[in-house]
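Here the structure comes first, spelled out in structure tokens, and everything after it is commentary.
There are 2 protein chains.
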Amino acid sequence: MSGLRERKKAATRHAIQEQALRLFLERGYERTPVAEIAEAAGVSPMTFFRYFPTKEDVVEHDEYDPVLARLVVARPPDERPLAAVGAAVGTALAALGERELETVLVRTRLVLSTPALRARRSGNESATRELFAGALATRAGVEQPALTHRVAAAAAVATLTTALETWVDEDGRRHLAVVVQEAFGALLDGVSPGRTPG
Amino acid sequence: MSGLRERKKAATRHAIQEQALRLFLERGYERTPVAEIAEAAGVSPMTFFRYFPTKEDVVEHDEYDPVLARLVVARPPDERPLAAVGAAVGTALAALGERELETVLVRTRLVLSTPALRARRSGNESATRELFAGALATRAGVEQPALTHRVAAAAAVATLTTALETWVDEDGRRHLAVVVQEAFGALLDGVSPGRTPG
DNA sequence: TCACACATGAGAGCGACTATCAGGTAGGTG
DNA sequence: CACCTACCTGATAGTCGCTCTCATGTGTGA
């Protein structure tokens, strides 16, 4: 399955993404036309859109969501939904190395500071919510996610987003996992008065 | 302050919005060019953009947020943040009449079923989050919103969004206030096991 | 009534994105 | 090794959202 064609495609895709990110960081997202990215990557503008349906797509990855969903399903069933998601996220983040965190930081900063990318990110969160809601339903042994599952999923994603924003604001000084854990703790604080800190 | 000029502007603005909504519902958002909206409203395409900076702006209102923020600040300070936001929203929704709810239903349905509008809506939620976080901070008597306030605000907005989606899925059969209350109850369920139903 | 401010329109133009068509290259087949 | 097919690519043209500049006409305030 790894003929010359496949390798060329992978290389082209990688080149486009690399040049795009470089130009975005240098000159800003809005001031970088697709034509320039294509030229820098040595392809035609057409080819850019064959690899990435929109200009925004070249920034996003969203490869973590399915992993997270599986971790959520695997959490013990007596755990409260939000605690389950929080723990699953904690587990996933612990596996991230220094370099990966740096990449995430740079890209997240770019996304948060670019309205168009921010809006798209928000749009994607809706898919993440549904994925988490499905995972919580599966864990509970039911077909369709109940309102509880959907609300818990939505709150968890919102908490995650807030944690990410905080982390970027801090320039990534603390480990992301720490900030996320603190955010989930703050969520409990915001709901019930007496909580048991971890 | 209500000279002929002002009234003309208000009329033009209203005409554009009315024709836009009509055409969007008839032919769909994506298949309705701004030029057609402008023609239907009897103005030039240029004028459309003078009144609404983007095509998406013609759909959104977002007039409720400031009201909600004020209601949040007014909640008793011993209430937990999420309960405070939930109660504030409940109060605001109780004031909505049959016709207003119908309008909200139609527009929300359009927004949720149109990716571009959905993304924009999500983008706006970020502003709503900050507004709520500020309100919670003010209520707590501090200048800058703490992480607790920001997380609570984010979770509350996420819960609200989920409630709105549920409400639209149900074609507005139950009153929106009921669905929202149920959603906030579900959030408590998702966090702590024993809760006292209202 | 006069002069200014402002709302509007016309035209050109940019950038994201799409559809169609033609040419070249990889891959399996004889 | 030659060939044929399938697919990747590019050129062209076009649509649509959105902006800029400039000129004109219409309210408004003096």
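Chains A and B, in that order, are what the protein sequence lines are.
The working numbering puts the first residue of the first sequence at 1, with every later residue one more than the last.
The working numbering puts the first residue of the second sequence at 1001, with every later residue one more than the last.
The beta-carbon is built from N, C-alpha and C at its ideal position, and this holds for glycine as well.
Because the structure is a prediction, the values reported are computed rather than measured.
Give every residue of the same chain whose Cβ lies closer than 8 Å to the Cβ of residue i, excluding the five residues on either side of it in the sequence, and list them in chain order.
| i | result |
| --- | --- |
| B:Glu-1036 | Leu-1023 |
| B:Thr-1196 | Residue confidence for B:Thr-1196 is low, a pLDDT of 47 falling below 50, so the modelled location carries little weight and cannot support an answer. |
| A:Asn-124 | Glu-60, Asp-62 |
| B:Lys-1008 | none |
DSSP state of residue i, grouped into three classes?
| i | result |
| --- | --- |
| B:Asp-1078 | coil |
| B:Tyr-1029 | coil |
| B:Ser-1126 | helix |
| A:Arg-195 | Model confidence at A:Arg-195 stands at a pLDDT of 49, short of 50, so the residue's coordinates are unreliable; what they give is reported in the following sentence. Coil at A:Arg-195, not helix or strand. |
| B:Thr-1159 | helix |
| A:Ala-146 | coil |
| B:Thr-1091 | helix |
| B:Pro-1115 | helix |
| B:His-1175 | coil |
| A:Glu-170 | coil |
| B:Tyr-1064 | coil |
| B:Lys-1055 | coil |
| B:Val-1043 | coil |
| A:Gly-185 | helix |
| B:Leu-1205 | Outside the shown range of chain B, which is 1001 to 1198, sits residue 1205 of chain B, and nothing can be said about it. |
| A:Gly-86 | helix |
| B:Asp-1190 | Reading the sequence as shown, one finds Gly at residue 1190 of chain B and not Asp. Helix, per DSSP. |
| B:Gly-1097 | coil |
| B:Gly-1003 | coil |
| B:Gly-1141 | coil |
| B:Lys-1008 | helix |
Shortest alpha-carbon distance to residue i belongs to which of the options?
| i | options | result |
| --- | --- | --- |
| A:Glu-102 | A:Phe-48, A:Ala-84, A:Arg-173 | A:Arg-173 |
| A:Ala-94 | A:Leu-71, A:Pro-115, A:Thr-32, A:Ala-41 | A:Leu-71 |
| B:Ala-1038 | B:Phe-1048, B:Leu-1160, B:Glu-1170 | B:Phe-1048 |
| A:Arg-75 | A:Arg-7, A:Leu-4, A:Arg-139, A:Leu-164 | A:Arg-139 |
| B:Ala-1183 | B:Leu-1164, B:Pro-1045, B:Val-1168 | B:Leu-1164 |
| A:Thr-162 | B:Thr-1162, B:Ala-1133, B:Glu-1079 | B:Ala-1133 |
| A:Lys-55 | A:Ala-153, A:Ala-40, A:Val-34 | A:Val-34 |
| A:Arg-150 | B:Val-1151, B:Leu-1160, B:Val-1043, B:Thr-1148 | B:Leu-1160 |
| A:Thr-32 | A:Ala-153, A:Thr-148, A:Thr-12, A:Val-58 | A:Val-58 |
| B:Pro-1077 | B:Ile-1016, B:Val-1142, B:Ala-1177, B:Asp-1062 | B:Val-1142 |
| B:Glu-1079 | B:Ala-1015, B:Arg-1109, B:Ala-1152 | B:Ala-1152 |
| B:Thr-1012 | B:Gly-1042, B:Ser-1002, B:Ser-1122, B:Thr-1148 | B:Gly-1042 |
| A:His-175 | A:Ser-126, A:Gly-185, A:Leu-96 | A:Leu-96 |
| B:Thr-1148 | A:Gly-185, A:Met-46, A:Thr-148 | A:Gly-185 |
Are the beta-carbon atoms belonging to residue i and residue j less than 9 Å from one another?
| i | j | result |
| --- | --- | --- |
| A:Leu-187 | A:Leu-112 | no |
| A:Arg-120 | A:Glu-60 | yes |
| B:Tyr-1029 | B:Thr-1114 | yes |
| B:Ala-1155 | A:Gly-190 | yes |
| A:Leu-213 | A:Arg-99 | Residue 213 of chain A falls outside the range modelled here, since chain A spans only 1 to 198, and no answer is possible. |
| A:Ala-40 | A:Gln-19 | yes |
| A:Leu-25 | A:Leu-110 | yes |
| B:Val-1073 | B:Ala-1135 | yes |
| A:Ser-126 | B:Ser-1192 | no |
| A:Ser-44 | B:Ser-1122 | no |
If you drop the 5 nearest sequence neighbours on each side, which residues of the same chain put their C-beta closer than 6 Å to that of residue i?
| i | result |
| --- | --- |
| A:Asp-217 | Since the first residue of chain A shown is 1 and the last is 198, residue 217 of chain A is not available in this structure. |
| A:Leu-105 | Gly-172 |
| A:Val-179 | Ala-163, Thr-166, Trp-167 |
| B:His-1014 | none |
Leaving out the 5 sequence neighbours to the left and right, which residues in its chain are closer than 7 Å to residue i when beta-carbon positions are compared?
| i | result |
| --- | --- |
| B:Ala-1092 | Tyr-1064, Val-1067, Leu-1068, Leu-1071 |
| B:Gln-1144 | Ala-1137 |
| B:Ala-1088 | Leu-1068, Leu-1071, Val-1072, Arg-1075 |
| B:Ala-1199 | Nothing in the structure corresponds to residue 1199 of chain B, since chain B is present only between 1001 and 1198. |
Closer than 8 Å to a non-hydrogen atom of the ligand COA - does that hold for the CB of residue i?
| i | result |
| --- | --- |
| B:Phe-1049 | This structure lacks the ligand COA, and indeed carries no ligand of any kind. |
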